[in-house]
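Everything below concerns the one structure shown next.
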């Protein structure tokens with residue numbers, strides 16, 4: 001900071017010595033030209049990167065509008081016989097669209113549970129010191145990092161033994177394993193940004209803790225809660241291993257149903273592509289609202 | 001509980017861990033611990049040293065199992081000594 | 001940090017989290033420990049075998065291979081994704097509509113379900129119906145990810161780079177936005193080169209986010225399962241079988257509960273160690289600030 005303030009102060013002195021400026025002028029324009037070239041280059045690079053990034057997704061979208069015969073007959077950037085048949089098949093068959101409903105159900109359940117338990121905990125971590133707080137925090141992080149495969153083995157027995165196997169709540173609870181720690185970490189990051197004075201003033205004004213928390217604090221971190229909800233949604237939505245293991249029929253997620261496209265007559269590529277496209281849409285619909293906090297969410301609230 | 005297929009040694013192991021955790025908590029409440037620096041290259045509290053000790057003990061045991069045919073109790077005794085050194089001077 | 005109040009009643013606020021995570025983490029973990037010391041035939045028939053499974057797992061060459069492959073994979077993708085992510089972040093526009101648009105577009109791969117990521121590349125890499133596969137054969141490269149181990153590896157790495165570089169880019173982008181404009185002004189007055197600006201102004205500010213980026217990428221690539229499972233199924237042979245998949249094969253495929261449990265524990269201990277190292281680093285950096 002000190003360095004920058006001195007350069008600020010030196011500005012008026014440079015104006016005083018007018019001669020120095022006239023000498024420097026051509027150098028500046030040279031630098032400016034260089035800078036302009038640099039921006040042009042980086043804009044070009046960015047466009048190139050985005051094209052490469054979106055090409056595979058476009059290919060999937062493109063395929064979802066083709067019939068299987070057209071897909072197998074050759075490559076083309078646009079569907080010749082544009083068809084919605086693949087989508088119609090998904091929306092017309094309960095075994096297909098129930099997959100989306102099942103996924104949505106457990107994802108929403110997980111989101112609600114994660115937020116409800118994580119809010120008070122994140123408050124505790126951001127405001128108080130207590131016995132074992134750091135170890136608790138680390139333990140939570142380690143659960144976010146642990147591979148689900150490690151816990152997979154007994155999960156089946158655990159949820160069978162409590163009679164929850166093949167229910168939505170089982171998957172929702174299992175996803176809490178990584179989503180609750182994630183929610184606590186993100187929320188703690190946002191809550192630490194709220195000055196403590198607000199809490200103290202509210203307590204002095206006679207607010208009880210629950211009243212203060214619901215009336216004052218939660219509205220203050222609205223955007224943080226939105227971002228957390230988005231990330232809980234996201235990570236529960238993209239997970240397959242646990243969801244597939246804990247369900248068989250009733251709560252089967254769309255990701256597991258997608259494997260059905262392999263049949264005796266070969267792959268139903270068009271249908272697979274259409275199902276894939278439909279799984280991408282929910283994320284794309286909500287990303288707009290959290291675009292400014294995306295990085296913070298992915299960084300577990302630590303940016 | 002049957003599906004968890006408990007055995008006596010593992011039950012004792014977890015009871016041991018539980019007792020240590022409860023004990024550490026009680027100790028922390030009775031006389032709060034200050035961060036300090038011993039021979040480890042970072043500031044640690046009692047709890048940190050306990051964690052480092054347990055984790056390194058696990059790896060010592062694994063190495064023992066993989067590399068030697070000796071009785072595991074040897075490793076356990078070694079780890080106990082290591083834990084004491086770590087807790088006292090770490 | 002200093003403003004936090006000592007208050008052990010805060011435990012009551014944390015209790016719900018503890019219970020819900022413990023249900024999904026501690027009970028299974030205890031069960032895994034129990035399984036790992038027994039030979040289990042069915043619910044009622046099991047024998048205590050001590051550390052035998054651990055010995056078997058530690059000396060199992062298939063698992064050594066999977067572990068080496070795993071480290072190789074994680075290192076490869078880190079070496080590609082971190083510099084590439086920084087580069088993309090530096091290229092991203094800083095102001096206006098185009099900045100928002102870039103943010104959203106870059107984030108898209110992160111929002112795709114992991115099995116669909118596998119599906120996308122499964123299709124994209126095929127010679128007959130995929131653009132990438134067709135492109136490779138057009139320029140005369142003999143490319144087939146389903147039969148050639150090297151191609152399979154390259155495709156899995158490429159897929160991961162495609163999938164997760166945006167994460168590094170987003171982190172770095174938000175790190176770069178936190179640098180005050182006056183720093184750049186000072187550099188302009190000193191006529192610092194582009195490289196000097198990057199080396200002495202931008203990179204130091206990025207260390208924090210980069211550590212988090214490396215942590216997340218290392219950990220998540222260390223548990224990668226779904227994408228290669230869909231893309232290559234671990235093959236050809238076992239050339240793209242990483243740790244998680246080896247574990248799932250053993251646990252679900254062969255139903256070897258004992259060895260699979262011992263494997264799980266070794267895997268978990270490695271994760272715990274790496275995680276702790278990163279956590280300590282991050283926390284110490286925050287303390288220094």
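Protein chains in written order, with this note's numbering: chain R, 1 to 303; chain P, 1 to 90; chain H, 1 to 289.
Beta carbons: idealized from backbone N, C-alpha and C, even for Gly.
None of the values given here were measured: they were computed from a predicted structure.
Asked, Found
"Rounded C-beta distance between residue 59(R) and residue 131(H)? I'm assuming under 8 Å.", "5 Å"
"Find the nearest neighbour of residue 166(R) within the set 123(R), 246(R), 128(R), judged by alpha-carbon distance.", "246(R)"
"Mind checking who residue 38(H) pairs with in its DSSP beta bridge?", "48(H)"
"If contact means a Cβ-Cβ distance below 7 Å, which residues of the segment 38-63 of chain H contact chain P?", "38, 40, 43, 46, 48, 51, 54, 55, 58, 59"
"Along the segment 8-36 of chain H, what residues have a CB closer than 9 Å to any CB found in chain P?", "8, 27, 30, 31, 33, 34, 35, 36"
"Alpha carbon to alpha carbon, what distance is there between residue 273(R) and residue 277(H)?", "41 Å"
"Using beta carbons (cut-off 7 Å, strictly below), is residue 71(P) in contact with chain H?", "no"
"Can you say whether residue 9(P) is buried or exposed, counting buried as having 16 or more other CB atoms within 10 angstroms of its CB?", "exposed"
"Between which two residues does the alpha helix (DSSP H) holding residue 143(R) run?", "133-145"
"Does any CB atom of chain H fall closer than 7 Å to the CB of residue 13(R)?", "Residue confidence for residue 13(R) is low, a pLDDT of 43 falling below 50, so the modelled location carries little weight; the figure read from the coordinates is stated next. It does not: the Cβ of residue 13(R) has no partner Cβ on chain H nearer than 7 Å."
"Name the chain R residues that come within less than 8 Å of residue 18(P), Cβ to Cβ?", "Chain R residues near residue 18(P): none, gap ~14 Å exceeds 8 Å."
"Using only alpha-carbon positions, find the residue among 226(R), 107(R), 130(R) that is nearest to residue 239(R).", "107(R)"
"Exposed or buried, residue 188(R), counting other C-beta atoms within 10 Å across all chains shown (16 or more means buried)?", "buried"
"With 16 other CB atoms within 10 Å as the buried threshold, where does residue 64(H) fall?", "exposed"
"Could you tell me which residues DSSP puts in a beta bridge with residue 188(H)?", "Note: residue 188(H) sits in no beta bridge, so no partner."
"Using beta carbons (cut-off 7 Å, strictly below), is residue 5(P) in contact with chain C?", "Given the protein chain composition of this structure (R, P and H), no chain C is represented."
"Excluding five sequence neighbours on each side, which residues of the same chain lie with their C-beta closer than 7 Å to the C-beta of residue 19(P)?", "none"
"Compute the Euclidean distance between the alpha carbons of residue 85(R) and residue 67(R), then round it to the nearest angstrom.", "8 Å"
"In this structure, how does DSSP classify residue 305(R) when only helix, strand and coil are distinguished?", "Chain R is shown from 1 up to 303; residue 305(R) falls before or after that span and cannot be answered."
"Taking only runs of the alpha helix (DSSP H) that begin and end inside the segment 90-175 of chain H, which ones reach a length of at least 4 residues, in chain order?", "96-107, 114-124, 131-138"
"With respect to the alpha helix (DSSP H) encompassing residue 194(H), which residues constitute its N-terminal and C-terminal limits?", "194-197"
"When we look at the beta-carbon of residue 252(R) and count the other beta-carbons within 10 Å, is it buried (16 or more) or exposed?", "buried"
"Which residues, in order along the segment 105-120 of chain H, keep a beta-carbon less than 8 Å from a beta-carbon of chain R?", "105, 106, 107, 108, 109, 110, 111, 112, 113, 114, 115, 116, 119, 120"
"In its own chain, which residues sit with a C-beta less than 6 Å from the C-beta of residue 293(H), not counting the 5 before and 5 after it?", "Beyond the ends of chain H as shown, which are 1 and 289, falls residue 293(H); an answer cannot be given."
"What do you get for residue 47(R), buried or exposed, if any count of 16 or more other CB atoms within 10 angstroms of its CB means buried?", "exposed"
"Residue range of the alpha helix (DSSP H) that residue 83(P) falls in?", "72-89"
"If you measure beta-carbon to beta-carbon, which residues of the segment 130-157 of chain R are closer than 7 Å to chain P?", "131, 132, 135, 157"
"Report the option in 22(H), 28(H), 279(H) whose CA atom is closest to the CA atom of residue 160(R).", "28(H)"
"Between residue 65(P) and chain H, is any beta-carbon pair separated by less than 7 Å?", "yes"
"If I measure Cβ to Cβ from residue 164(R) and keep anything under 7 Å in the same chain, skipping five residues before and after, which residues do I get?", "170"
"Give me the chain H residues within the contact set of residue 9(P), using Cβ-Cβ distance strictly less than 9 Å, ordered along the chain.", "37, 48, 50"
"Taking 6 Å as the limit between beta carbons, can you name the residues of its chain near residue 88(H), skipping five residues before and five after?", "169"
"Cα separation between residue 107(H) and residue 167(H)?", "7 Å"
"Please state if the CB of residue 197(H) and the CB of residue 124(R) are separated by a distance shorter than 7 Å.", "no"
"Specify the secondary structure class of residue 128(R) as computed by DSSP and reduced to three states.", "strand"
"On the premise that residue 24(H) lies in contact with residue 141(R), defined as a C-beta separation below 8 Å, what is that separation, rounded to the nearest angstrom?", "With a Cβ gap of about 15 Å, residue 141(R) and residue 24(H) do not count as contacting."
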